[in-house]
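Asks: Numbering of the sequence shown is given in numbering that gives the first Met the number 0, commencing with residue 0 and proceeding in unit increments. Got a structure for you, questions after.
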Amino acid sequence: MTKFLLISGDSEKEKIVMEVFPADEVIVSADETMIFDVLKVEEPDIVIVDGDIETLDLKPLCRKIKQYPVVIILLLGEKDHGKDVMHNANLFIKTPIDKKLLFATVDSSLKTRHSLLKMTKANQELARSLYQLNVLYNTSSQLAGSLDKDKLIKIMIEGIEKSLNFELSCTLMFRSEREPVLIINSLYKVSDRLLEALKLRAILSYKSLLSDPPVDIKIGNLKIEKNIKHNIQEYDFSILRFDNMFAPIALNDEFFGFTEIYREKPFSTEDATCFQTLVQQVMLPIQSAALYQELKTTNLRLQKLERMKSEFISIVSHELRTPLTAIKNAMDIILSRKAGEMTENIEKFVSMGKRNAIRLSGIINDLLDISKIEAGKMDFKFELIHVGPVIEYVKNNLAEVAREKNLVIKYTPSGEDVEVYADSNRLEQVLTNLVSNAIKFTPDAGEIDISSKVVNARELQYDHCFEEDIKRLQGNYLLVCVEDHGIGIERKDLNHVFDKFAQIENSLSRKVGGSGLGLPIARQLMESHNGAIWCDSEINKGSKFYFVIPVANDRSNFVMIKKQLAQRARSNGSTIAVIKIKSTNEVIENLLRENNLLNKTYMTNSLIEKEGAMTTLSLILVDGDKPSAEFLKKKIDSVIEQNRNLYGECDIMYSYDIEGDTHEKDTYSG
0 MTKFLLISGD
10 SEKEKIVMEV
20 FPADEVIVSA
30 DETMIFDVLK
40 VEEPDIVIVD
50 GDIETLDLKP
60 LCRKIKQYPV
70 VIILLLGEKD
80 HGKDVMHNAN
90 LFIKTPIDKK
100 LLFATVDSSL
110 KTRHSLLKMT
120 KANQELARSL
130 YQLNVLYNTS
140 SQLAGSLDKD
150 KLIKIMIEGI
160 EKSLNFELSC
170 TLMFRSEREP
180 VLIINSLYKV
190 SDRLLEALKL
200 RAILSYKSLL
210 SDPPVDIKIG
220 NLKIEKNIKH
230 NIQEYDFSIL
240 RFDNMFAPIA
250 LNDEFFGFTE
260 IYREKPFSTE
270 DATCFQTLVQ
280 QVMLPIQSAA
290 LYQELKTTNL
300 RLQKLERMKS
310 EFISIVSHEL
320 RTPLTAIKNA
330 MDIILSRKAG
340 EMTENIEKFV
350 SMGKRNAIRL
360 SGIINDLLDI
370 SKIEAGKMDF
380 KFELIHVGPV
390 IEYVKNNLAE
400 VAREKNLVIK
410 YTPSGEDVEV
420 YADSNRLEQV
430 LTNLVSNAIK
440 FTPDAGEIDI
450 SSKVVNAREL
460 QYDHCFEEDI
470 KRLQGNYLLV
480 CVEDHGIGIE
490 RKDLNHVFDK
500 FAQIENSLSR
510 KVGGSGLGLP
520 IARQLMESHN
530 GAIWCDSEIN
540 KGSKFYFVIP
550 VANDRSNFVM
560 IKKQLAQRAR
570 SNGSTIAVIK
580 IKSTNEVIEN
590 LLRENNLLNK
600 TYMTNSLIEK
610 EGAMTTLSLI
620 LVDGDKPSAE
630 FLKKKIDSVI
640 EQNRNLYGEC
650 DIMYSYDIEG
660 DTHEKDTYSG
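Written out as structure tokens, the structure reads:
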């Protein structure tokens, strides 16, 4: 049935409209107040305005009526209405009224109106679908960027709220295996009795979803988190009569929780699809977050065990060292015959005991070194040195041991007299280990060759198993090689040579023994020097052990100073700030000329690197922290702002790292 509003005081026109539309509802009024009451309450489809009515001003009347979703038909008589009235009408019929024309006009306008309403509804649904699709896309992007369970649940709830406009949601999740949490998001406050009902409903839903629930959730141990938008009113039991949707958050056999939402306006099929899709989107990220948390917990536990092991080794080693020193001293006194004469057999056994005490002392020292390195407490004294004298010292020091097996140690020095920034004692330790191993595994009357030369990182040759250690190297290095002609190592075992406590299985290795720590220590020491160590070998032909250290230049020296200062900071619980300022050559040069800007405090440990038209200035601030790094940035900004004539609109990249006891990073550009 169509509703008509006839605005007229003419009974004849009222009669004609009634005759043309006998089955429809026709409301007649010539009173302005009543007209708008009808428009608001009855919501007519067609408004027929008598153009000859004298009691109303049609110009403002038609303009106001046009604001309502109706079709306006103007009956034109003798009166001239002007453009304004004509503009606000949809259709026109001349009087006297032709009944057939009136019927045809109304029928046509109703069909048009129906089509327009249908199209409007379709457009609204399309706009809503596009909005929901956009929410799904954005939610998916946000979910992909997090491994925090709380954040993932929050993103999911926000996505559901944006796309479905719920009044209240209840989400059960587990912060840990034994910590269930019910998160309530509500438009208004939740009454105490409604809260108890929601808790009970959540527990019953949880138990109905799982045949054998892993956690016995009770009202008393269920933690509640409420997020209330407005406190102006309160929800009670009545909200439970709202339309609702429920979805478990589970993947395969893993259960992570569930979510339930309530809305006064009924949900459509499209709403249900959107809801299920949003919940499904969070399942895989939640599983990844759970695995990540499990991995993180395991790593922390392993780190704690590793730390306890290192501390145990350190304590035991120290405790062993004291009595061992006393034993060695006692044996020295016996062998010196200060305690009296002894037989040849006694001397033989005491000498054997001394050798084993010395060997045990070496193993203890290795254990102490590896525990110090792993704890980051190894002390380094980096300085500019030549490697040649270190090699000569090790060669001469081990010459007597080599002669016992009738071995010859040869050294072929590099033709280039280069310096490296290194700790000579630690280099000596690495070389002693490599040459000692070569002596152990080389048959009697053999030869050991030591050589050194300068190479570029691109020229290095190595087995693919050492690629991770060597591919990071750049620039020129001093390459040292210790070559023996012993039993060799099988290629399949090369990857394990530098593993802790590794002993490559063969008859000779069982015979000579060892702690299995010498090569891992050498590897760690080379990494501390920004170098690398690796080997190559052939069975029954021998082995070559290589290590490289950066040739001294401004950059390598700066990197080693940074390492040394960072290590010192870690040991005493302080920090250093490593600051980088990058801009055009001219800007950096002008900043360096500024009085009281980059003074001695900043430039003591610094590096200036030029690349084309750009310069990077790197600074190390001892005891530096975030405030001190930010302070320098503000000083530079202030200098540039006050000297715009000199600096113009320049671009400066400013960044810093805080290293040592804590670590944080910030990047600035402007």
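Every residue, glycine too, gets a C-beta built ideally from N, C-alpha and C.
Could you name the residues of the same chain whose beta carbon sits closer than 7 angstroms to that of Ile-384, not counting the 5 residues immediately before and after it, in chain order?
Replies: As a first step, residue 384 must be located in the sequence shown, where it is residue number 385. In its chain, beyond the 5 residues on either side, Glu-418, Val-419, Ala-421, Ser-423 have a beta carbon closer than 7 angstroms to the beta carbon of Ile-384.
Asks: Could you round the C-beta distance between Ile-216 and Pro-179 to whole angstroms and report it? I think they count as a contact, below 8 angstroms.
Replies: If you number the sequence shown from 1, residue 216 lands on position 217. If you number the sequence shown from 1, residue 179 lands on position 180. The pair is a contact, with the Cβ atoms about 5 angstroms apart (cut-off 8 angstroms).
Asks: Which class does Phe-379 belong to by DSSP, given the choice of helix, strand or coil?
Replies: The residue labelled residue 379 in the question sits at position 380 within the sequence shown. It is coil, neither helix nor strand.
Asks: Would DSSP call Ser-450 helix, strand or coil?
Replies: Residue 450 sits at position 451 when you count from the first residue of the sequence shown. Three-state result, Ser-450: strand.
Asks: Going by Cα to Cα distance, which pick from Ile-607, Leu-167, Ile-6, Ile-64 is closest to Ser-237?
Replies: What you label residue 237 is simply residue 238 of the sequence shown in a count that begins at 1. The residue with the shortest Cα to Cα distance from Ser-237 is Leu-167.
Asks: Assuming Val-189 and Lys-225 make a contact with CB atoms under 8 angstroms, what is their CB distance in whole Å?
Replies: Mapped onto the sequence shown, residue 189 falls at position 190. Mapped onto the sequence shown, residue 225 falls at position 226. Going by Cβ atoms, the distance from Val-189 to Lys-225 rounds to 7 angstroms, so yes, they are a contact pair.
Asks: Would you grab the beta carbon distance between His-229 and Tyr-261 for me? Rounded to a whole angstrom, and I think it's under 8 angstroms.
Replies: As a first step, residue 229 must be located in the sequence shown, where it is residue number 230. As a first step, residue 261 must be located in the sequence shown, where it is residue number 262. Contact flag wrong, Cβ pair sits at about 16 angstroms.
Asks: Let me know the secondary structure DSSP gives Gly-515 once reduced to three states.
Replies: Sequence index remark: in the sequence shown, residue 515 carries index 516 (1-based). Residue state, collapsed to three classes: coil.
Asks: Just to check my reading of the structure: Ser-444 and Val-481 have Cβ atoms closer than 8 angstroms, yes? What is that Cβ distance to the nearest angstrom?
Replies: Position 445 of the sequence shown, counted from the start, is the residue given in the question as residue 444. Position 482 of the sequence shown, counted from the start, is the residue given in the question as residue 481. Note that residue 444 is Ala in the sequence shown here, rather than Ser. Not quite, the Cβ-Cβ distance comes to about 19 angstroms (not below 8 angstroms), so this is no contact.
Asks: Could you tell me whether the Cβ atoms of Ile-619 and Ile-657 are closer together than 9 angstroms?
Replies: Sequence index remark: in the sequence shown, residue 619 carries index 620 (1-based). Sequence index remark: in the sequence shown, residue 657 carries index 658 (1-based). For Ile-619 and Ile-657, no; Cβs fall outside 9 angstroms.
Asks: Taking just the CA atoms, how far does Leu-430 sit from Asp-684?
Replies: Outside the shown range of the chain, which is 0 to 669, sits residue 684, and nothing can be said about it.
Asks: Give the range of the beta strand (DSSP E) segment to which Arg-262 is assigned.
Replies: Here residue 262 corresponds to residue number 263 of the sequence shown, with the count starting at 1. Residues 253-262.
Asks: Taking DSSP as the reference, what is the three-state secondary structure of Ser-145?
Replies: Start at 1 with the first residue of the sequence shown, and residue 145 comes out as number 146. Three-state result, Ser-145: coil.
Asks: Name the two residues that bound the continuous alpha helix (DSSP H) containing Leu-5.
Replies: Against the sequence shown, residue 5 aligns to sequence position 6. Counting along the chain, Leu-5 falls outside any alpha helix (DSSP H), though it belongs to the beta strand (DSSP E) covering 2-6.
Asks: Please classify Asp-650 as buried or exposed, where buried requires at least 16 neighbouring CB atoms within 10 angstroms.
Replies: In the sequence shown, the residue the question calls residue 650 occupies position 651. An exposed status is given to Asp-650, since fewer than 16 other beta-carbon atoms sit within 10 Å of its beta-carbon.
Asks: In the structure shown, what three-state DSSP assignment does Gly-673 receive?
Replies: Outside the shown range of the chain (0 to 669) lies residue 673, about which nothing can therefore be said.
Asks: With DSSP collapsed to three states, give me the class of Thr-661.
Replies: For the purposes of this step, residue 661 is taken as residue 662 along the sequence shown, with counting starting at 1. Confidence at Thr-661 is low in this model, with a pLDDT of 45, below 50, so its placement is unreliable and the value that follows should be read with caution. If DSSP states are grouped into helix, strand and coil, Thr-661 belongs with coil.
Asks: Please list, in chain order, all residues of the same chain as Gly-541 whose beta carbon is under 7 angstroms from its beta carbon, the five residues on each side excluded.
Replies: The residue given as residue 541 occupies position 542 in the sequence shown. Excluding sequence neighbours, Gly-541 sits near Glu-482, Asp-483, His-484, Gly-485, Gly-487.
Asks: Write down the C-beta distance between Val-454 and Leu-478 rounded to the nearest angstrom, noting that I regard them as a contact closer than 8 angstroms.
Replies: Start at 1 with the first residue of the sequence shown, and residue 454 comes out as number 455. Start at 1 with the first residue of the sequence shown, and residue 478 comes out as number 479. Indeed, because the Cβ distance is near 5 angstroms, the residues count as touching under 8 angstroms.
Asks: Secondary structure at Val-48, three-state DSSP: helix, strand or coil?
Replies: Residue 48 sits at position 49 when you count from the first residue of the sequence shown. Val-48 falls in the strand class under three-state DSSP.
Asks: Where do the ends of the beta strand (DSSP E) carrying Phe-173 lie?
Replies: Here residue 173 refers to the residue found at position 174 when the sequence shown is read from its first residue. It spans 167-175 - the beta strand (DSSP E) in which Phe-173 sits, taken as one unbroken run.
Asks: Alpha carbons only, please: which of Glu-373, Leu-208, Met-330, Leu-151 is nearest the one belonging to Asn-355?
Replies: Along the sequence shown, read from residue 1 onward, the residue named residue 355 stands at position 356. When only C-alpha atoms are compared, the closest one is Met-330.
Asks: Could you name the residues that DSSP lists as bridge partners for Asp-403?
Replies: As a working note, residue 403 is residue 404 in the sequence shown. According to the sequence displayed, residue 403 carries Glu and not Asp. BP columns for Glu-403 are empty, so no partner.
Asks: With a cut-off of 8 angstroms on the beta carbons, I'd call Leu-277 and Thr-54 a contact; round off their distance for me.
Replies: The count along the sequence shown starts at 1 and reaches residue 277 at position 278. The count along the sequence shown starts at 1 and reaches residue 54 at position 55. Their Cβ separation, rounded to whole angstroms, is 58 angstroms, which puts Leu-277 and Thr-54 out of contact at 8 angstroms.
Asks: Return the residue from the list Thr-411, Cys-61, Phe-245 that minimises the CA-CA distance to Phe-266.
Replies: In the sequence shown, residue 266 corresponds to position 267, counting from 1. Selected option, being the one with the closest Cα: Phe-245.
Asks: Taking its Cβ as the centre, do 16 or more other Cβ atoms sit within 10 Å of Pro-322, making it buried, or is it exposed?
Replies: Here residue 322 is taken as the residue at index 323 of the sequence shown, counted from 1. Its Cβ having fewer than 16 others within 10 Å, Pro-322 is exposed.
Asks: Would the beta-carbon of Leu-250 fall within 9 angstroms of that of Ser-316?
Replies: For the purposes of this step, residue 250 is taken as the residue at position 251 of the sequence shown. For the purposes of this step, residue 316 is taken as the residue at position 317 of the sequence shown. Contact flag unset, no.
Asks: On the DSSP bridge list, what partners appear for Tyr-392?
Replies: Locating residue 392 in the sequence shown gives position 393, counting from the first residue. Answer by DSSP bridge pairing: none, since Tyr-392 is not bridged.
Asks: In the structure shown, what three-state DSSP assignment does Cys-534 receive?
Replies: On the sequence shown, position 535 is the one that residue 534 refers to. Strand.
Asks: Is the Cβ-Cβ distance between Phe-379 and Arg-425 less than 9 angstroms?
Replies: As a working note, residue 379 is residue 380 in the sequence shown. As a working note, residue 425 is residue 426 in the sequence shown. Contact flag set, yes.
Asks: For the alpha helix (DSSP H) that Lys-14 lies in, which residues bound it at each end?
Replies: Residue mapping note: residue 14 aligns to position 15 of the sequence shown, counting from 1. Note, Lys-14: alpha helix (DSSP H), 10-19.
Asks: When the Cα of Ser-162 is compared with those of Gln-275, Arg-112, Ile-357, Asn-595, which residue comes out closest?
Replies: Mapped onto the sequence shown, residue 162 falls at position 163. The option with the nearest alpha carbon to Ser-162 is Gln-275.
Asks: For the alpha helix (DSSP H) containing Ile-560, name the first residue and the last one.
Replies: Here the question's residue 560 lines up with position 561 in the sequence shown. Segment 553-571, the alpha helix (DSSP H) holding Ile-560.
Asks: Could you name each continuous alpha helix (DSSP H) segment of 4 residues or more that falls completely within the stretch 411-497, going from the start of the chain to the end?
Replies: 423-440, 466-469
Asks: Just to confirm, are Phe-241 and Glu-259 a CB contact at a threshold of 9 angstroms?
Replies: Residue mapping note: residue 241 aligns to position 242 of the sequence shown, counting from 1. Residue mapping note: residue 259 aligns to position 260 of the sequence shown, counting from 1. No, the pair does not count as a contact, with Cβ atoms beyond the cut-off.
Asks: Note the first and the last residue of the continuous beta strand (DSSP E) segment covering Ser-637.
Replies: Locating residue 637 in the sequence shown gives position 638, where the first residue counts as 1. Premise fails: Ser-637 lies in the alpha helix (DSSP H), 625-641, not in any beta strand (DSSP E).
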